[in-house]
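What follows is one structure encoded as structure tokens, with my remarks underneath.
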Amino acid sequence: MTSPRRIRLARLAGHLSLAAVLGSAATAQADILDPGTRPAFASFGLGPAIGAVNLGGVTQFKMEQQLGYHFSGDSSGIALGLQLAESVGSGVFIFQPGAKLAWDAQVADDLAIYITPSLALGYAGAFGGGSAHAFNWQIAAEVKAILGDRGLLFFRPIGLDFFAGDFGGTSFAMRYDLILGGGVTF
């Protein structure tokens, strides 16, 4: 026969185990938007690239890949990286490799939500019915969320892509990019 003391200890152990499981689940849920601690990131985005100046209103589908590192040692502050972008549409393929400088500013100290202004510099090549080459720079701003200190989501409502050089019969062109994407931090 089991003594009343052993029954009470077994119940106490059960209650403590249940509290530990429920408490860790609540903590895990709260941690999903804790500030990021990983300095490196890789991301992929896509969206429309809309011709605005000297591109005749041509809209293309743009894909963008980034690889970067924050000098702060976590997911905030100044980051330097590489960016590749490919755009297709209207019988033209545009390839844009370059370097990117960004600054991830935390909206609140205890949240992994960032506002990120950035500047990218590089080359742009347009191919399809001939070829054109230009110096390319991009000024952009995005909102980014780090999820669980591993995943990331971003939305770039402001992205201005400038081209200077022999680019499709003009020496200067500009387009507007609207990009949505995701990635990982490591």
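Under numbering that gives the first Met the number 0, the sequence shown has 4 at position 5, and the numbering climbs by one with no breaks.
Backbone N, C-alpha and C fix where the C-beta goes; we use that ideal spot for every residue, glycine too.
{"query": "Using the rule of at least 16 other Cβ atoms within 10 Å of the residue's Cβ for burial, across every protein chain shown, is residue 166 buried or exposed?", "result": "buried"}
{"query": "Would you say the stretch 65-80 touches the stretch 34-54, given that touching needs at least three Cβ pairs under 8 Å?", "result": "yes"}
{"query": "Let me know if residue 109 comes out buried or exposed under the rule of 16 or more other beta-carbons within 10 Å of its beta-carbon.", "result": "exposed"}
{"query": "Suppose contacts are defined by Cβ-Cβ distances below 9 Å. Is residue 157 in contact with residue 144 by that definition?", "result": "no"}
{"query": "Assuming residue 130 contacts residue 121 (C-beta within less than 8 Å), just tell me the rounded distance between them.", "result": "Not a contact, Cβ separation roughly 17 Å."}
{"query": "Enumerate in chain order the residues of its own chain whose CB-to-CB distance from residue 82 is below 6 Å, with the five nearest sequence positions on each side excluded.", "result": "65, 97, 99 and 119"}
{"query": "Which whole-angstrom value describes the C-beta separation of residue 147 and residue 73, a residue pair presumed to lie in contact below a C-beta threshold of 8 Å?", "result": "About 15 Å separates the two Cβ atoms, so there is no contact after all."}
{"query": "Taking residue 181 and residue 152 to be in contact with their CB atoms under 8 Å, please state how far apart those CB atoms are, rounded to whole angstroms.", "result": "5 Å"}
{"query": "Is the separation between the beta-carbon of residue 33 and that of residue 111 shorter than 9 Å?", "result": "yes"}
{"query": "Name the residue from 76, 91, 51 and 58 whose alpha carbon lies nearest to the alpha carbon of residue 114.", "result": "76"}
{"query": "Give the single residue among 170, 61 and 53 whose Cα lies nearest to the Cα of residue 95.", "result": "61"}
{"query": "If you count every other CB in all the chains shown that lies within 10 Å of the CB of residue 107, and 16 or more means buried, which is it?", "result": "exposed"}
{"query": "If residue 48 sits next to residue 59, beta carbons under 8 Å apart, how far is it from one beta carbon to the other, in whole angstroms?", "result": "5 Å"}
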